[in-house]
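Enquirer:
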Amino acid sequence: MDDYARIEKAMVYMVERAVLQPSLEEVAAHVHLSAYHFQRLFCRYAGISPKRFLQALTLERGKQLLKEPRALLDVAHELGLSGGSRLYDHFVQLEAVTPGEHKRQGEGVCIEYGVHATPFGSVLVAVTPRGVCRMGFVDATSADELLARLAKEWPRSSLNHRPAATAYVVDALLATSKTKPGTLSLHVTGTNFQVAVWRALLTIPEGQLASYTHIAQALGMPKSSRAVGNAVGANPIALWIPCHRVIQQSGALGGYRWGIAKKQMVQAWELAHLTPEVVPLGVSK
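Quick note: the sequence shown uses this note's numbering, first residue 132, plus one each step.
1) Note down, in chain order, each residue of its chain lying with its Cβ closer than 6 Å to the Cβ of Leu277, except the 5 sequence neighbours on either side.
2) Buried or exposed: where does Ile372 fall if 16 or more other Cβ atoms within 10 Å of its Cβ makes it buried?
3) Ala358: which of Pro367, Thr344 and Ala306 sits nearest, CA to CA?
4) Going by other Cβ atoms of all chains shown within 10 Å of its Cβ, with 16 needed for buried, is Trp229 buried or exposed?
5) Grouping DSSP H, G and I as helix and E and B as strand, with all else coil, what is Leu204?
6) Look up His345 in the DSSP assignment and say whether it is helix, strand or coil.
7) Between the alpha carbons of Arg175 and Thr249, how many angstroms are there, rounded?
8) Please state the DSSP three-state secondary structure of Gly338.
9) If you count every other CB in all the chains shown that lies within 10 Å of the CB of His163, and 16 or more means buried, which is it?
10) By Cβ distance below 8 Å, which residues in the same chain neighbour Gln379 in space, the five residues on each side in sequence not counted?
11) For Phe169, I'd like the list of residues in its chain whose CB is within less than 6 Å of its CB, leaving aside the five on either flank, ordered along the chain.
12) Measuring only the C-alpha atoms, how far is Lys393 from Arg235?
13) How many angstroms separate the CA atom of His404 from the CA atom of Met145?
14) Of all the options Val377, Ile368 and His292, which has the alpha carbon lying nearest to the alpha carbon of Leu225?
15) Roughly how many angstroms separate the alpha carbons of Trp400 and Gln152, rounded to a whole number?
16) On the criterion of 16 or more Cβ atoms from any shown chain inside 10 Å, does Arg137 qualify as buried, or is it exposed?
17) Are Trp329 and Asn366 closer than 8 Å when you measure CB to CB?
18) Can you give the Cα-Cα distance for Ser180 and Ala282, rounded to whole angstroms?
19) From Ile335 to Arg376, what does the alpha carbon distance come to, in whole angstroms?
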């Protein structure tokens with residue numbers, strides 16, 4: 132088992148047993164490591180301590196769900212923007228396939244792809260010369276199936292396996308705010324409504340949550356929550372277009388294309404990075 136696989140397995144274990152508050156020793160034993168080595172490994176690859184991740188899964192996430200709706204998402208201001216998408220202070224720029232590009236069906240476009248490890252599971256990443264066009268977890272949908280769907284959307288393009296050309300996408304995701312590179316471009320294909328929803332998702336601040344209803348209202352279509360849900364589910368770029376930040380109006384997690392456990396993992400990981408861990412004096416992480 133590689134290191135990223137151990138971290139993913141540990142996160143899943145903590146998600147499934149969050150109400151039991153498993154100890155460091157229990158989680159470490161689950162991935163066949165000593166508590167000391169597991170602590171160091173988790174901090175190295177997840178960027179946070181196991182304790183902080185577990186805290187975010189429980190108390191901190193509960194606090195997020197109890198906030199007033201406008202604290203979760205300032206609908207009028209954040210989602211009412213008509214300009215470019217926003218994430219990490221304008222770090223991500225989303226561009227849709229033009230009608231002309233759609234008509235050419237990707238003719239002359241070289242799409243490079245690779246599979247990369249993350250703390251949440253391995254992902255397939257595909258990029259065009261204009262940006263990231265696909266990102267998905269291969270444990271939920273196989274790499275072959277993801278590539279088949281990509282080929283169907285871009286039938287006249289060429290697909291080339293070149294992980295070295297796609298590694299930067301995952302590197303940027305796991306980088307700290309101080310080490311992130313310049314703007315990351317996303318190159319998506321979808322209906323006008325889908326693209327509008329995906330742009331709206333990019334305005335949800337990291338570590339916060341919004342409901343399908345909030346997004347529908349912000350788009351000026353208050354009765355289109357179901358359609359919003361379908362567009363969220365069709366998101367072609369996992370993690371970077373943050374559909375994991377969308378929940379039901381009741382506060383329930385709702386669905387997630389890649390699995391509910393993974394949704395909880397990503398939400399907790401984001402929140403844990405945004406809020407400092409309080410450690411009593413004389414106690415180490």
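Yeah, the Cβ is synthetic: ideal placement off N, Cα and C, and Gly gets one too.
Expert: Result, derived from the coordinates:
1) Here residue 277 is taken as the residue at index 146 of the sequence shown, counted from 1. Here the set comprises Leu255 and Gly267.
2) For this step, residue 372 is matched to residue 241 along the sequence shown. Answer is buried; the Cβ neighbour count reaches 16.
3) For the purposes of this step, residue 358 is identified with residue 227 of the sequence shown, where counting begins at 1. If we check each option's Cα against that of Ala358, Thr344 comes out closest.
4) Here residue 229 is taken as the residue at index 98 of the sequence shown, counted from 1. Here residue 229 is Thr; the residue named in the question, Trp, does not match the sequence. The residue in question, Thr229, is exposed, as its Cβ has fewer than 16 Cβ neighbours within 10 Å.
5) Position 73 of the sequence shown, counting from 1, holds the residue named residue 204. Because the pLDDT at Leu204 is just 41, under 50, the model does not fix this residue reliably, and the point stays unresolved.
6) For the purposes of this step, residue 345 is taken as residue 214 along the sequence shown, with counting starting at 1. The answer is helix: DSSP assigns His345 an H, G or I state.
7) On the sequence shown, residue 175 is found 44 positions in, with the first residue counted as 1. On the sequence shown, residue 249 is found 118 positions in, with the first residue counted as 1. One C-alpha to the other measures close to 12 Å.
8) Residue numbering aside, residue 338 sits at position 207 when the sequence shown is read from its first letter. The answer is coil: DSSP assigns Gly338 none of H, G, I, E or B.
9) Mapped onto the sequence shown, residue 163 falls at position 32. Exposed: under 16 other Cβ atoms inside 10 Å.
10) By 1-based counting over the sequence shown, the position of residue 379 is 248. Taken in chain order, the residues that qualify are Ser342, Tyr343 and Gly385.
11) For the purposes of this step, residue 169 is taken as residue 38 along the sequence shown, with counting starting at 1. Once the five neighbours on either side are set aside, the close Cβ partners of Phe169 are Ala159.
12) The residue given as residue 393 occupies position 262 in the sequence shown. The residue given as residue 235 occupies position 104 in the sequence shown. The alpha-carbon atoms of Lys393 and Arg235 are separated by roughly 36 Å.
13) Looking up residue 404 in the sequence shown gives position 273. Looking up residue 145 in the sequence shown gives position 14. Those two C-alpha atoms are separated by around 17 Å.
14) Stepping through the sequence shown from its first residue, residue 225 is reached at position 94. Minimum Cα distance to Leu225 is reached at Ile368.
15) For the purposes of this step, residue 400 is taken as the residue at position 269 of the sequence shown. For the purposes of this step, residue 152 is taken as the residue at position 21 of the sequence shown. When rounded, the distance between both Cα atoms is 17 Å.
16) Locating residue 137 in the sequence shown gives position 6, where the first residue counts as 1. Result: buried.
17) If you number the sequence shown from 1, residue 329 lands on position 198. If you number the sequence shown from 1, residue 366 lands on position 235. It is a contact, given that the beta carbons lie within the stated cut-off.
18) Here residue 180 corresponds to residue number 49 of the sequence shown, with the count starting at 1. Here residue 282 corresponds to residue number 151 of the sequence shown, with the count starting at 1. Their backbone Cα atoms lie some 40 Å apart in a straight line.
19) What you label residue 335 is simply residue 204 of the sequence shown in a count that begins at 1. What you label residue 376 is simply residue 245 of the sequence shown in a count that begins at 1. The alpha-carbon atoms of Ile335 and Arg376 are separated by roughly 7 Å.
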